[in-house]
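Single-structure report; data block below.
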Ligand code: PMP
């Protein structure tokens with residue numbers, strides 16, 4: 049590994065000022081407030097180094113993007129090769145890299161999801177899925193779950209379930225309704241002959257790592273089949289190994305009509321998203337192939353990353369690894385909960401998507417700041433600030449995981465001391 053320190057001076061104060069003045073002053077302050085004052089410079093695997101050469105352990109993995117860790121060599125090499133040959137497509141000639149990614153992904157996807165569209169992000173994948181559901185069914189309504197997270201562009205925001213992010217932008221897209229997640233009866237009551245799609249996360253990630261009852265997805269599948277609505281599963285966060293299987297829906301034996309992917313699909317090197325559906329559903333998009341399009345989406349550079357990423361995830365059997373490491377982590381975190389029942393109300397997760405629910409959002413904030421002091425990167429779940437997520441790269445080693453958990457034990461003990469001193 050090359051020297052992690054920069055070869056030139058980087059003025060951290062200037063970087064902060066540029067964020068404050070030209071990006072978002074609130075965001076700059078939030079990072080500082082959480083205790084993250086360094087300027088990142090280099091990264092590899094689960095480690096990041098800042099411009100001062102200080103080392104951080106990454107337990108957030110870019111909100112689940114870095115399944116293969118930072119700068120995985122096979123993905124970086126594939127991107128470099130593509131970069132030197134042809135990074136962006138003509139958009140008129142066909143491209144081998146794009147074709148190979150689609151064909152290999154089609155082989156891996158659950159059910160009959162043979163056709164796909166590439167984009168850059170999770171929210172774009174969800175937008176495409178929602179449009180396709182309306183197009184295929186000719187119906188207007190979309191049923192989604194309370195507390196769900198599907199992205200922040202207008203359509204996916206309409207499907208999301210946290211008012212703080214939605215209300216300021218009202219009115220959103222019409223004909224969206226929300227039901228409590230995991231409640232089969234509420235879902236059945238909301239879906240009717242006008243419903244184009246039910247959109248769900250197999251496990252709510254940003255909602256605080258909420259795992260529905262085992263019969264929930266099968267019941268949703270059955271309900272959609274009965275009413276002619278499509279089942280869209282948003283696996284942007286759970287997909288590609290995170291929860292111990294390649295796709296989280298595999299565990300319940302349910303295949304969706306449309307799946308949404310992003311985050312880990314770009315191999316931690318490029319932004320890449322996709323939505324995929326069966327040939328029958330896709331037919332409506334084939335009548336006019338320009339009905340849904342994107343100038344830069346699915347460019348060869350991003351697809352080279354995607355192709356290398358899915359091959360590496362399979363070669364390293366990361367779903368199995370996530371399952372094993374997740375079990376270890378959950379057992380240790382459960383001990384931590386038992387030691388601090390007044391601070392931690394619940395620990396839950398599947399694979400390496402784990403949530404620690406604190407009794408108070410301020411305590412979660414204190415623990416994140418105490419982790420930052422120990423140079424461990426972590427964050428809360430976006431729809432639920434009570435929950436600290438443990439979502440490291442799936443390639444994390446046992447010793448790195450142990451390092452992270454021991455920092456977490458110290459951070460919780462520090463928060464406990466502060467809380468008891470305030471109570472005195
Ligand atoms: N769907 C899910 C399930 C997500 O977790 C996220 C992001 N956390 C998104 C969609 C949106 O993805 P992006 O930020 O890439 O638009």
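Residue numbers (this note's numbering): 49 to 472.
Built from N, CA and C at the ideal position, the CB exists for glycine as well.
Note that the structure is a prediction, hence the values are computed from the model and not measured.
Subject >> For residue 84 and residue 76, believed in contact at Cβ under 8 Å, the rounded distance >> reply: Contact doesn't hold; Cβ gap of about 10 Å is too wide.
Original post:
When we look at the beta-carbon of residue 198 and count the other beta-carbons within 10 Å, is it buried (16 or more) or exposed?
Top reply: By the 10 Å Cβ count, residue 198 comes out buried.
**OP:** May I ask you to list the residues that DSSP assigns as paired with residue 165?
**Re:** 323.
**OP:** Measure the alpha-carbon distance for residue 166 versus residue 51 and round it to whole angstroms.
**Re:** The straight-line gap from Cα to Cα measures roughly 36 Å.
Original post:
Taking 7 Å as the cut-off, is the CB of residue 174 close to at least one heavy atom of ligand 1?
Top reply: Yes, the beta carbon of residue 174 sits closer than 7 Å to at least one heavy atom of ligand 1.
Original post:
What is the rounded straight-line gap between the Cα of residue 211 and the Cα of residue 254?
Top reply: If you draw a straight line from the Cα of residue 211 to the Cα of residue 254, it comes to about 14 Å.
**OP:** Could you have a look at residue 433 and say whether DSSP puts it in helix, strand or coil?
**Re:** Under the three-state reduction of DSSP, residue 433 is assigned to strand.
Original post:
Can we count residue 198 as close to ligand 2, meaning its CB is less than 7 Å from some heavy atom?
Top reply: Here the bound small molecules are ligand 1; ligand 2 is not part of this structure.
Original post:
Taking buried to mean at least 16 other C-beta atoms within 10 Å of its own C-beta, is residue 402 buried or exposed?
Top reply: So residue 402 counts as buried.
Original post:
Cβ atoms of residue 399 and residue 374: under 8 Å apart, would you say?
Top reply: The answer is yes: Cβ separation under 8 Å.
**OP:** Note the first and the last residue of the continuous alpha helix (DSSP H) segment covering residue 416.
**Re:** First-last of the alpha helix (DSSP H) with residue 416: 409-421.
**OP:** Look at residue 224 and residue 238 and say whether their C-beta atoms are less than 8 Å apart.
**Re:** A distance of 8 Å or more separates the beta carbons of residue 224 and residue 238.
Original post:
Is residue 403 helix, strand or coil when you go by DSSP?
Top reply: In this structure, residue 403 counts as strand in the three-state DSSP scheme.
Original post:
Going by C-alpha distance, which of 454, 275, 56 is nearest residue 422?
Top reply: If we check each option's Cα against that of residue 422, 454 comes out closest.
Original post:
Just the Cα atoms here: how many angstroms apart are residue 405 and residue 383?
Top reply: Their backbone Cα atoms lie some 14 Å apart in a straight line.
Original post:
Nearest-angstrom Cα distance between residue 434 and residue 195?
Top reply: CA-CA distance, residue 434 to residue 195, rounds to 13 Å.
**OP:** Could you tell me how far apart the beta carbons of residue 497 and residue 416 are, in whole angstroms, since I believe they sit closer than 8 Å?
**Re:** Here the chain has residues from 49 to 472 only, and residue 497 is not among them.
Original post:
For ligand 1, is there a heavy atom less than 7 Å away from the beta-carbon of residue 284?
Top reply: For residue 284, the CB falls within less than 7 Å of some heavy atom of ligand 1.
Original post:
With respect to the beta strand (DSSP E) encompassing residue 226, which residues constitute its N-terminal and C-terminal limits?
Top reply: From DSSP, the beta strand (DSSP E) with residue 226 extends over 224-227.
Original post:
For residue 341, which three-state DSSP category applies?
Top reply: Assigned with DSSP and collapsed to three states, residue 341 falls in coil, not helix or strand.
Original post:
Within the chosen definition, does the stretch 168-178 reach the stretch 364-373 through at least 3 CB pairs nearer than 8 Å?
Top reply: No, the stretch 168-178 does not touch the stretch 364-373.
**OP:** Indicate the three-state DSSP secondary structure (helix, strand or coil) for residue 393 in the structure shown.
**Re:** Note: residue 393 maps to strand in three-state DSSP.
Subject >> Which residues DSSP lists as bridging residue 95, in chain order >> reply: Looking at the DSSP output, residue 95 shares a beta bridge with 92, 105.
**OP:** Please classify residue 305: does DSSP put it in a helix, a strand, or coil?
**Re:** In the structure shown, residue 305 sits in coil (DSSP, three-state: anything other than H, G, I, E or B).
Original post:
Sorry if obvious, but does the Cβ on residue 447 come closer than 7 Å to a heavy atom of ligand 1?
Top reply: In this structure, ligand 1 has no non-hydrogen atom nearer than 7 Å to the beta-carbon of residue 447.
Original post:
Start and end of the alpha helix (DSSP H) containing residue 179?
Top reply: DSSP places residue 179 inside the alpha helix (DSSP H), whose first and last residues are 170-185.
**OP:** Give me the Cα-Cα distance between residue 215 and residue 323, rounded to the nearest whole angstrom.
**Re:** Distance between the alpha carbons of residue 215 and residue 323: 27 Å.
Original post:
Does any heavy atom of ligand 1 sit closer than 7 Å to the C-beta of residue 253?
Top reply: Yes, the beta carbon of residue 253 sits closer than 7 Å to at least one heavy atom of ligand 1.
Original post:
With a cut-off of 8 Å, do at least 3 Cβ pairs link the stretch 268-285 to the stretch 122-134?
Top reply: Flag = no, the stretch 268-285 and the stretch 122-134 do not touch.
Original post:
Out of curiosity, what's the CA-to-CA distance linking residue 381 and residue 242?
Top reply: Each residue's CA atom was taken as its position, placing residue 381 and residue 242 some 45 Å apart.
**OP:** Output the distance between the C-alpha atoms of residue 336 and residue 330, rounded to the nearest integer angstrom.
**Re:** Whole-angstrom Cα-Cα distance: 11 Å.
Subject >> Rounded C-alpha distance that separates residue 213 from residue 205 >> reply: Computed Cα separation, rounded: 8 Å.
Original post:
DSSP beta-bridge partners for residue 426?
Top reply: Residue pairing from DSSP leaves residue 426 without any beta-bridge partner.
Original post:
Do residue 136 and residue 432 have their C-beta atoms within less than 8 Å of each other?
Top reply: No. Outside cutoff.
Subject >> Contacts around residue 462, its chain only, beta-carbon distance under 7 Å, and the 5 residues preceding and following it disregarded >> reply: For residue 462, where only same-chain residues beyond five positions count, the Cβ hits under 7 Å are 418.
**OP:** Would you check if the stretch 95-111 and the stretch 436-445 touch, i.e. whether three or more CB-CB distances between them fall below 8 Å?
**Re:** The stretch 436-445 is in contact with the stretch 95-111.
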